[in-house]
Each structure stands twice: as C-alpha cells, then as structure tokens.
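In my numbering, the protein residues as written are 11 to 489. From the three backbone atoms N, C-alpha and C, an ideal C-beta is built for every residue, glycine too. For reference, the structure discussed in these notes is given below.
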Ligand code: NAD
C-alpha cells in the first residue's frame with residue numbers, strides 16, 4: 011500500500027495543533043518544524059507556504075509577529091547573546107547582548123510602510139508597496155542572530171517570509187533563535203516557518219538558495235566573496251558588502267571627543283562591525299596631541315616593535331595566485347585587546363578596550379579590513395592628504411567614513427569625495443545607525459547595490475492601482 015507522507019504529516023500536525031490550542035486550519039505539511047531545516051528545498055517550500063498564509067493576514071498580524079521577535083530578542087538577550095559568544099568565539103559578550111536589544115527595539119517595522127498617491131484631473135493613482143514573497147538571506151558570523159533578527163523584522167513587516175543560510179560558525183544560535191521566534195509566532199497566529207533556516211549551511215546550500223525558483227530575491231550580508239556570488243546569481247540581490255571605514259581628524263577637531271568616539275566605535279564588539287573605525291588619518295599639526303588624547307581616554311599605545319610583532323600574528327596571506335591577498339588571521343579576528351597585546355609581546359590590563367599605534371599608510375592594518383581592536387594612526391601633511399588617503403584605503407566600497415572636524419568645508423570636501431553610504435561627523439561610527447545619533451538601525455547596510463540602511467520598504471515591490479476619471483473629489487466640473 012502506498013502511503014501519502016505529506017497527507018499523514020498534515021493530519022498529525024493538525025491533531026498536534028488542536029492539542030496545543032493553535033488554530034488548526036493553518037496547519038501545513040511543514041507545521042511543527044519551527045523553521046529549522048536540513049534541506050533547502052524543504053525550507054523553501056515551507057517558507058513559501060508561510061508566505062501564502064501571511065498574505066491572507068492583516069498588517070496588524072505582521073505587527074504581532076514582529077512584536078514576538080522583538081520581545082524574544084530583548085527578553086532573552088542574555089541567554090541568546092551568550093550562546094552566540096560561545097559558538098562564534100569572537101567579539102565581546104556585553105555587546106552580543108546589547109546588539110540583540112538594539113535590533114529588537116530599533117529595527118523599523120510596519121510603521122515604515124507607506125503608500126503614495128497621485129490625484130488629478132484624470133482620477134487617482136495609488137502606489138502601494140507589496141511583498142516579493144520568499145527572500146533568501148545570507149548572514150555573517152560577526153552578528154549571526156542579530157542580523158537574522160533585523161532582517162526578519164524588516165522583511166516580515168513588508169509581508170515577506172525568509173530562508174536564511176547563516177555562517178557555519180554561527181549556525182547553532184541562528185537555528186535556536188529562529189526556532190524560538192517561530193514557536194511564539196505559531197502559538198499566537200498559527201503560522202509556522204515564517205523564518206526558515208538551513209541547519210547545516212554550506213556554500214552549496216547558499217548556491218541552492220540563490221538558484222531556487224521559489225526564492226524571489228536575495229539579501230546577502232558579508233564580505234567580498236559572497237557579495238560577488240550574489241551579484242552573479244542571476245537574481246535581484248540586495249548586497250550588504252564589506253567596508254574598511256577610514257577616520258580623518260583635522261586641526262579643528264575636539265581631540266578628546268574624537269578620542270572618545272574612536273574608542274567607542276572601534277572597540278565595539280572588538281571591531282567586528284562593518285561600520286567600525288578601521289584606520290585613522292590625522293593632520294601633522296595635532297597628531298601628537300591626538301595620540302595623547304587616545305591614551306588619556308584609556309586606549310593603550312603600542313610601539314613600532316610591538317606593532318610589527320602583532321602584524322606577524324594578525325595578518326595572513328590567503329587565496330590563490332592573482333586572488334592572493336592579505337587578510338585578518340582567524341586566531342586574532344574579533345579577540346580582546348588584551349589578547350592582541352600578548353601577541354604583540356605587551357602586557358595590558360584585561361579590561362583595555364582598544365590598542366593603537368603610529369604606522370605609515372602602507373601598513374597592512376591600514377589596507378586590510380582587520381576586525382580587531384588595534385587601530386593604526388597615520389600622520390598626514392594636511393587635511394587634503396588625509397582625505398585623499400581615506401578615499402584610497404576605503405577601496406571604493408562606498409560603505410562608511412568618519413571625520414572629526416569643526417570645519418564645515420573639510421566635512422563637505424570629504425563627504426563629496428568619499429561618496430560613502432554612511433558619513434559620520436564628530437561621533438562614533440555606530441551613531442549613524444541611530445545609536446546615539448538620529449535615524450534607525452539595520453545590520454544589513456546595502457552598499458554596492460545602493461539601498462543603504464535597509465528598512466521594510468527595501469524589501470517591497472511597487473504596485474500601482476489607477477482609477478480613471480473618478481474619485482478625485484477636488485471639484486472638476488461634471489461634463
Ligand atoms: P563572510 O563573507 O566570510 O561570510 C558572510 C556569509 O557569506 C556567510 O554566511 C558565509 O558562509 C557566506 N559566504 C561566503 N562566501 C560565499 C560564497 N562564495 N557564496 C555564498 N555564500 C558565501 O563574512 P563574515 O566574516 O561572516 O562577516 C564579515 C564581513 O561581512 C565583513 O566584510 C563585513 O564588512 C561584512 N558585513 C557587512 C555588513 C553590511 O551591512 N554591509 C554587515 C555585517 C558584515
């Protein structure tokens with residue numbers, strides 16, 4: 011006798027749904043999986059089912075779903091942040107916890123949706139923002155669950171569901187977070203698998219998502235390789251790519267404020283953020299005073315010999331032939347300043363947040379996106395040279411740049427030349443994401459593809475609804 015497995019699964023899940031008190035009518039063939047899948051095809055099918063169910067619901071239901079994601083990210087941040095720290099072994103625990111709270115609280119939701127109207131002699135045209143369907147998301151090891159949390163809130167607010175291929179080194183916390191989010195959503199709304207995650211992610215599973223016919227668009231957050239792969243995928247891609255954010259300090263800057271800002275931004279989560287300060291170009295006139303300000307503010311300066319020793323351990327060569335390039339070593343990426351200091355042959359207080367030192371511009375810590383709490387300071391003749399070097403070492407990523415200055419002309423020149431998605435003046439890099447600055451947060455800042463700090467509207471397609479000659483009620487005389 012042939013057994014219809016899907017039918018059996020559906021009956022069983024309906025019974026289970028009834029027992030658990032959730033609305034049985036919404037049980038589907040993948041109900042009960044809570045979004046965790048080994049197989050991309052199953053994950054895509056489940057996300058598609060969830061999308062069809064979500065399409066039948068109100069915007070208020072989307073708000074409820076998002077509320078559950080926010081609540082879990084905030085209330086369970088210590089447990090989930092600790093899990094992320096223990097699994098990835100990079101960054102700082104307090105910031106892993108804080109990042110979940112910030113994304114839970116500040117990621118824009120359904121309130122960001124809007125419609126536009128054209129009203130005139132020929133009637134009305136209403137432009138509404140519709141979901142794409144299932145979105146394929148690739149997330150980085152630097153913020154595994156935080157990126158999923160922010161992506162899920164924005165994408166679901168817009169009416170989509172998503173399937174995530176997390177970084178393999180952050181896969182367990184990704185699956186556990188997704189399981190918790192789906193469980194709460196299912197219990198209240200009876201829709202499972204709104205967020206799906208590949209439990210054993212590989213480059214092959216990422217490629218399968220890129221190629222899957224049920225995946226409408228992709229959103230990748232990561233370094234150059236995944237950015238390239240997404241842009242070559244044949245699908246519409248929203249790409250949150252790499253950065254190497256330079257800082258310029260000119261002779262008009264408030265040096266203490268600059269030092270505070272650089273330490274706050276560059277030391278955050280041990281410099282894992284794509285927006286974090288990576289190298290500093292200071293005009294000669296205030297160079298020595300700037301280094302003193304860094305010391306007074308708690309950063310520890312390394313001498314030339316210590317920087318050389320650190321560089322030996324921290325920067326390695328990777329890739330083959332013409333793709334061979336310098337990269338941060340796995341052993342030191344995202345490690346504490348005290349660990350870097352030991353690698354440099356120095357001893358510092360375990361609570362030291364940031365190391366720094368003078369280098370020339372050709373130093374690998376200037377050109378490599380190193381993601382470590384050691385920041386090179388480069389002496390520049392004047393502000394023009396500092397800005398030109400900042401432009402050069404940002405590598406055209408058009409991601410983030412920062413200036414400390416009270417000269418509006420210098421700010422303007424740098425802003426124009428850099429052409430970066432984020433341009434911060436007189437604050438730490440993260441203030442550009444609404445943390446101590448204005449605006450809103452996302453951990454997917456779409457740089458090469460130009461969508462900027464992603465919001466729910468990023469994940470929508472425009473639809474126009476036209477009514478000809480009627481319902482413009484502003485008084486055109488009847489013919
Ligand atoms: P990574 O590029 O090593 O990995 C990112 C993700 O892409 C992972 O899930 C990885 O498995 C996947 N991946 C890598 N190569 C791939 C390929 N060829 N095909 C398909 N998938 C592939 O980056 P990471 O170390 O996890 O994260 C740090 C990088 O991400 C930095 O370069 C940082 O600037 C960038 N980042 C950017 C943003 C942004 O908003 N622009 C945010 C966070 C991180």
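Straight-line gap, residue 210 to residue 178 (C-alpha atoms, nearest Å): 7 angstroms
Take every Cβ of the stretch 222-232, pair it with every Cβ of the stretch 244-256, and state whether three or more of those distances are shorter than 8 angstroms. yes
Coarse secondary structure for residue 337, derived from DSSP in three states: strand
Relative to the C-alpha of residue 83, which candidate in 119, 69, 190 has its C-alpha closest? 190
Report, in whole angstroms, the separation of the C-beta atoms of residue 470 and residue 168, which I expect to be a contact under 8 angstroms. 5 angstroms
Between residue 349 and residue 337, is the Cβ-Cβ spacing less than 8 angstroms? no
Using a Cβ-based criterion (distance less than 7 angstroms to any ligand heavy atom), does residue 455 qualify as near the ligand NAD? yes
Whose C-beta lies closer than 7 angstroms to the C-beta of residue 71 among residues of the same chain, with five residues either side of it excluded? 199
Does the Cβ of residue 376 have 16 or more other Cβ atoms within 10 Å, making it buried, or fewer, making it exposed? buried
Can you give me the Cβ contacts of residue 416 inside the same chain, cut-off strictly under 6 angstroms, excluding the 5 residues immediately before and after it? 262
Status (buried if at least 16 other CB within 10 Å, exposed otherwise) for residue 171: buried
Sorry if obvious, but does the Cβ on residue 149 come closer than 7 angstroms to a heavy atom of the ligand NAD? yes
Can you determine whether any heavy atom of the ligand NAD sits closer than 7 angstroms to the C-beta of residue 152, and answer yes or no? yes
Residue 359 burial status per 10 Å Cβ neighbour count (16 or more: buried): exposed
Excluding five sequence neighbours on each side, which residues of the same chain lie with their C-beta closer than 6 angstroms to the C-beta of residue 453? 153, 156, 157, 160
Among 96, 47, 383, which has the Cα closest to the Cα of residue 180? 96
Looking at the C-beta of residue 186, does it have a partner C-beta in chain C at a distance below 8 angstroms? This model lacks chain C altogether, as it is built from one protein chain only.
Suppose you measure from the CA of residue 34 to the CA of residue 204; what does that come to, to the nearest Å? Confidence at residue 34 is low in this model, with a pLDDT of 45, below 50, so its placement is unreliable and no value can be given for it.
When you compare only the Cα positions, how much space is there between residue 479 and residue 259? 59 angstroms
Taking 8 angstroms as the limit between beta carbons, can you name the residues of its chain near residue 484, skipping five residues before and five after? 129
Taking the alpha carbon of residue 224 as the point to measure from, which residue in 55, 475, 405 has its own alpha carbon closest? 55
Hey, could you find the ends of the beta strand (DSSP E) residue 266 is sitting in? Residue 266 -> not in any beta strand (DSSP E); alpha helix (DSSP H) instead, spanning 265-277.
Could you tell me the boundaries of the beta strand (DSSP E) in which residue 386 lies? 384-390
Could you check whether the stretch 425-433 touches the stretch 269-281, counting it as contact only if at least three pairs of C-beta atoms, one from each stretch, sit closer than 8 angstroms? no
Reducing DSSP to helix, strand and coil, say where residue 163 ends up. helix
Excluding five sequence neighbours on each side, which residues of the same chain lie with their C-beta closer than 8 angstroms to the C-beta of residue 303? 265, 266, 268, 269
Cross-strand partners of residue 284 (DSSP beta bridge): Paired residues: none, contrary to the question.
By the 10 Å Cβ neighbour count, where 16 or more other Cβ atoms means buried, how is residue 364 classified, buried or exposed? buried
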